[in-house]
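Adding 34 to a residue's 1-based position in the sequence shown gives its number in my numbering.
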Amino acid sequence: MRILTLMLCACAWGQVQRPQLGKMLDANGAVRTVYGIAASVTLGDAEIAGVLSSACSNTLCLAKTDAGIVSASGTAPAPPGPAIFAFDGSTAYVWFTEYRQLAHWSNGTLQPAFQWNPDSHGGDEVLSIGVKSGSVQFAVRRPTGIWIVNQDGSVAGALPRAAGALMLIPGGAVYATRQGIAIHDLEIPLEGVTAFSWMSASYLEVRAQGVNYALRIDPGRETLFQLPGASQ
């Protein structure tokens, strides 16, 4: 009996510790955990419904509903509409796309961040935000092209004018081309990419032609594979 008990405990522990790649936002607007290893994954049950956008690091997940920002500590009131996220350790920056406002999330609360008005910089469209050395950077589309702009307004870099959806990542950016996804010095074939979102620090969710994919972004380990669909 003692041996059986130990075996049962070991099995229960193994179930709790199933490997996770991160969390995805499914086509029904629900956040789900992605279990398994690359190219062999399953989805968990819906955890949060009515989600407009979401993002996760390895330690923190945030979901934007129409009512606010949902985290493990509860819901913080926020402006309506979708949001763009960037993580900075245990905190995050949130860009509200419809209201063009930047906020800082920490310990379950949202506070206004520094003022950065894209209209004062030539009508910029903010495509992504990131954090570098403690400062926020913006990937913006301007009439002159796509630029990476520091929070003081200075230009840190440029991306191809024809780039589509993009995401700032540590050390650079991932962006959609006509035929695929440009990451580091590679181009991974995949047509019709419309959006990226953070599944974890190592994986992005990619949406293309109504299908969700996972993209591993670790240098030298770049991999793209399709995610399972989710039922209603």
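Note that CB positions come from ideal geometry on N, CA and C, so glycine has one too.
Can you look up N246 in the DSSP assignment and give me helix, strand or coil? Taking the first residue of the sequence shown as 1, we reach residue 246 at position 212. The answer is strand: DSSP assigns N246 an E or B state.
On a Cα-Cα basis, can you pick out the residue from G108, P53 and D79 that is closest to N62? For the purposes of this step, residue 62 is taken as the residue at position 28 of the sequence shown. Nearest option by C-alpha distance: D79.
Name the two residues that bound the continuous beta strand (DSSP E) containing E221. In the sequence shown, residue 221 corresponds to position 187, counting from 1. L220 to P223 is the span of the beta strand (DSSP E), which, as asked, contains E221.
Short of 6 Å in beta carbon distance, which residues of its chain neighbour E132, apart from the five on each side in sequence? Order them along the chain. Locating residue 132 in the sequence shown gives position 98, counting from the first residue. Taken in chain order, the residues that qualify are G115.
Cα separation between L144 and H138? Taking the first residue of the sequence shown as 1, we reach residue 144 at position 110. Taking the first residue of the sequence shown as 1, we reach residue 138 at position 104. If you take the alpha carbons of L144 and H138, they lie about 6 Å apart.
G164, buried or exposed, once every other Cβ within 10 Å from all chains shown has been counted against 16: Locating residue 164 in the sequence shown gives position 130, where the first residue counts as 1. Classification for G164: buried.
State buried or exposed for D186, treating a residue as buried only when at least 16 other CB atoms are found within 10 Å of its CB. Counting from 1 along the sequence shown, the entry for residue 186 is found at position 152. That one is exposed.
Between the alpha carbons of Q213 and V65, how many angstroms are there, rounded? For the purposes of this step, residue 213 is taken as residue 179 along the sequence shown, with counting starting at 1. For the purposes of this step, residue 65 is taken as residue 31 along the sequence shown, with counting starting at 1. Cα to Cα, Q213 sits roughly 28 Å from V65.
In this structure, does DSSP put M58 in helix, strand or coil? Indexing the sequence shown from 1 puts residue 58 at position 24. Note: M58 maps to strand in three-state DSSP.
Find out if the Cβ-Cβ distance for the pair L202, A235 is shorter than 8 Å. Along the sequence shown, one-based indexing puts residue 202 at 168. Along the sequence shown, one-based indexing puts residue 235 at 201. For L202 and A235, no; Cβs fall outside 8 Å.
What number of angstroms, rounded off, separates the C-alpha of W129 from the C-alpha of I103? Position 95 of the sequence shown, counted from the first residue, corresponds to residue 129. Position 69 of the sequence shown, counted from the first residue, corresponds to residue 103. Going by the C-alpha atoms only, they are around 12 Å apart.
Are Y237 and L55 touching if we call contact CB-CB under 8 Å? For the purposes of this step, residue 237 is taken as residue 203 along the sequence shown, with counting starting at 1. For the purposes of this step, residue 55 is taken as residue 21 along the sequence shown, with counting starting at 1. Yes, they are a contact pair.
Under the three-state reduction of DSSP, which class applies to S87: helix, strand or coil? Here residue 87 refers to the residue found at position 53 of the sequence shown. In this structure, S87 counts as strand in the three-state DSSP scheme.
Going by DSSP, name the residue or residues bridged to D79. Here residue 79 refers to the residue found at position 45 when the sequence shown is read from its first residue. DSSP output for D79 lists no bridge partner at all.
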